[in-house]
Amino acid sequence: MGKTIIISNRLPVQLQISNGAITAIPSVGGLATGMKSVHSGGDSLWIGWSGLTEEDISPELEPKIDEALAEHGSSKVKLTEEEVDGFYYGFSNRTIWPLFHYFLEYSEFQLDYWNTYKKVNQKFADAILANAEDGDTIWVHDYQLMLVPQMVRKERPNVSIGFFLHIPFPSFEIFRTLPWRKELLEGVLGSDLIGFHTYDYERHFLSSVRRLLGLEVSFNDITMGDHVIKVDSFPMGIDYKKFSDAAKIHYNKAEGEQSELQQRLNTHKKTDLDAKFFLSIDRLDYSKGIAKRLYAFEYFLNKYPQYKEKVRLIILAVPSRSNVPQYQLLKREIDELVGRINGEFSTVSWTPIWYFYRSMPFENLIDLYTSSDIAWLTPLRDGMNLVAKEYIATRTDKTGVLILSEMAGSANEMNESLLINPNNFEQTADALHEAINMPVEEQKSRNEVLQKRLARYNVEKWANDFMTSLKSQNDREAANVSH
Ligand code: ADP
Ligand code: F6P
């Protein structure tokens with residue numbers, strides 16, 4: 000059996016250099032956190048961008064960088080500053096990301112971004128080709144690398160290639176607006192298996208393939224010459240045990256062992272037993288609906304004034320893609336909204352919003368999940384949203400209410416949460432009211448079902464299902480060839 004190569008833009012860690020020393024910082028985001036659990040158990044090689052540019056990497060530092068990555072089973076693709084600008088900040092995050100999340104008005108169609116995207120995808124493909132042998136399995140991840148499958152297939156037809164998209168695939172009417180729509184589809188079709196989080200994304204993709212490329216699509220098989228490509232949905236899970244075990248440890252900590260954050264949260268709970276914490280955690284991204292959530296919070300406080308001084312919204316917004324103007328504008332909007340709402344409603348003893356703009360260590364993430372009565376996760380559009388699953392996994396006493404957007408991929412598997420349309424403030428305010436008053440028995444019965452499902456459909460199962468399906472697709476193709 001050949002080896003497995005994982006390839007994605009983000010590696011499990013991001014390297015930083017300060018005063019000549021290299022530090023590895025865990026990557027944030029669904030792809031990195033999910034694949035990390037899969038990767039650490041096996042002997043796969045993970046190829047990606049280290050977070051440093053070629054200009055940062057001096058000849059003396061390079062061996063140390065390679066060593067730091069090797070500790071995480073990883074190997075780097077070297078990108079120049081200009082390539083990072085055009086490929087990552089440009090085509091990936093100013094063209095595809097907004098388009099695939101239905102923010103058509105934010106999407107920029109620039110030829111130079113597209114040219115850099117092609118060039119960088121070829122670099123990633125070359126890194127695979129330098130490591131892959133016939134019989135190996137290559138698992139390509141996400142929208143940054145949509146051309147890679149075809150680039151590899153052309154040079155190495157006898158490897159097995161899987162592609163997984165971690166973000167939504169939009170409807171045909173949206174996708175067709177992209178000038179390079181055919182090239183992206185053809186790029187992905189170099190795979191043997193193409194996976195999506197939900198059946199809806201899968202069917203949007205198949206519809207685009209049929210209508211733009213005129214290929215034969217039968218059920219979920221696409222025929223392209225003598226090559227048959229299978230398309231399927233694989234909803235990504237979480238490392239359930241990691242989160243529930245961490246929560247159990249958290250609850251059993253003596254006061255002296257607790258983090259400062261945990262102590263602060265506990266103190267607030269003890270001083271007002273009726274007080275409720277609402278939790279909002281996301282990368283700072285317009286697709287996550289953070290600004291809308293703040294407007295909805297203001298609406299809620301006006302509609303249900305009895306909760307003033309009783310509820311607190313904790314917002315953790317993780318810095319993300321801060322070179323892209325839309326993210327800078329959003330940061331400013333959120334800063335202003337938090338300031339305005341706190342200014343409007345605060346009293347001497349109460350600040351309605353606690354706002355953290357930073358990444359937090361895992362331990363603090365657990366502190367927040369376990370201390371929050373209500374998780375309020377309402378993206379305007381989200382491929383999956385793993386945070387929703389992580390919150391439920393940490394509620395080991397089964398209490399807690401999840402308010403989740405219908406527009407998150409995870410809503411398909413989390414029907415027992417309170418599902419809302421984030422654009423509907425009336426419905427959102429009522430859901431918060433319902434969550435605050437939900438009897439503990441009802442919380443427990445909803446969470447019990449959710450927990451059982453999440454524990455079973457965990458990230459390991461997700462990866463195994465994908466790999467098993469890829470293998471059976473290869474067996475099917477081999478059988479067809481020999482006939
Ligand atoms: P996305 O992939 O769009 O960022 P997800 O909700 O699917 O959204 O995944 C986010 C991941 O990032 C989760 O696994 C979560 O635990 C992790 N994460 C979120 N906030 C932080 C943080 N402050 N520090 C570390 N990890 C975080
Ligand atoms: O889950 C979607 C995703 O875009 C991943 O591809 C990515 O790793 C994550 O969100 C975080 O984004 P970025 O890698 O741009 O920081």
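Taking numbering that gives the first Met the number 0 as reference, the numbering of the sequence shown is continuous, increasing by one, and the terminal residue is 482. C-beta atoms are modelled at their ideal positions from N, C-alpha and C, and glycine is treated no differently.
With a threshold of 6 angstroms, establish whether the CB of A31 neighbours any heavy atom of the ligand F6P.
yes
Run the proximity test for N436: is its beta-carbon closer than 6 angstroms to any non-hydrogen atom belonging to the ligand ADP?
no
Over the uninterrupted alpha helix (DSSP H) stretch that includes W179, give me the two end residues.
Unbroken run through W179: none, as it is neither H nor E.
Contacting residues, own chain, Cβ-Cβ under 8 angstroms from A274 (five flanking each side not counted)
Excluding residues within five positions, the ones whose Cβ falls inside 8 angstroms are H267, K268, K309, V310, R311.
Alpha-carbon to alpha-carbon, L146 and K117:
7 angstroms
Is G89 near the ligand F6P, judged by its Cβ being under 6 angstroms from some heavy atom?
False, no ligand heavy atom lies under 6 angstroms from that Cβ.
Contact test: V317 Cβ vs the ligand ADP heavy atom, cutoff 6 angstroms:
yes
Using only CA atoms, which one of G186, F171, Y198, D284 lies nearest to S206?
The closest CA to that of S206, considering only G186, F171, Y198, D284, is found on F171.
In this structure, what does DSSP give as the bridge partners for K229?
Among the bridge pairs identified by DSSP, K229 is matched with L192, D220.
E362 and S258 closer than 7 angstroms at C-beta
yes
Alpha helix (DSSP H) runs wholly inside the segment 253 to 318, at least 4 long, in chain order
259 to 270, 289 to 302
My output table needs one value for N446: the three-state DSSP class, helix, strand or coil.
helix
Relative to the ligand F6P, is the shortest distance from any of its heavy atoms to the C-beta of R9 smaller than 6 angstroms?
yes
State buried or exposed for A295, treating a residue as buried only when at least 16 other CB atoms are found within 10 Å of its CB.
buried
Go ahead and pull the three-state DSSP assignment for Y101.
coil
V400 lies in the beta strand (DSSP E); which residues open and close that run?
400 to 404
Between the segment 179 to 191 and the segment 225 to 232, can you find at least three pairs of beta-carbon atoms closer than 8 angstroms?
Inter-segment contact for the segment 225 to 232 and the segment 179 to 191 is present: three or more beta-carbon pairs are separated by less than 8 angstroms.
If F242 sits next to T393, beta carbons under 8 angstroms apart, how far is it from one beta carbon to the other, in whole angstroms?
5 angstroms
Every unbroken alpha helix (DSSP H) inside the segment 34 to 71 [4 residues or more]
Segments of the alpha helix (DSSP H) lying fully in the segment 34 to 71: 61 to 69.
For my contact list, I6 and I64 are in at a C-beta cut-off of 8 angstroms; report their separation, rounded to the angstrom.
Between I64 and I6 the Cβ distance is about 18 angstroms, and since that is not below 8 angstroms, they are no contact.
Could you tell me which of E59, L177, L144 sits nearest to E104, measuring between CA atoms?
L177
For G484, is the classification buried or exposed, using 16 other Cβ atoms within 10 angstroms of its Cβ as the cut-off for buried?
Since the first and last residues shown for the chain are 0 and 482, residue 484 lies out of range.
What are the boundary residues of the beta strand (DSSP E) that includes K397?
Per DSSP, K397 belongs to no beta strand (DSSP E) and is neither H nor E.
So for K75, helix, strand or coil by DSSP?
Note: K75 maps to strand in three-state DSSP.
Alpha-carbon spacing of E415 relative to W375, whole angstroms:
For E415 and W375, the distance between alpha carbons rounds to 14 angstroms.
In the DSSP assignment, what are the bridge partners of T427?
Per the DSSP secondary-structure output, T427 pairs with nothing in a beta bridge.
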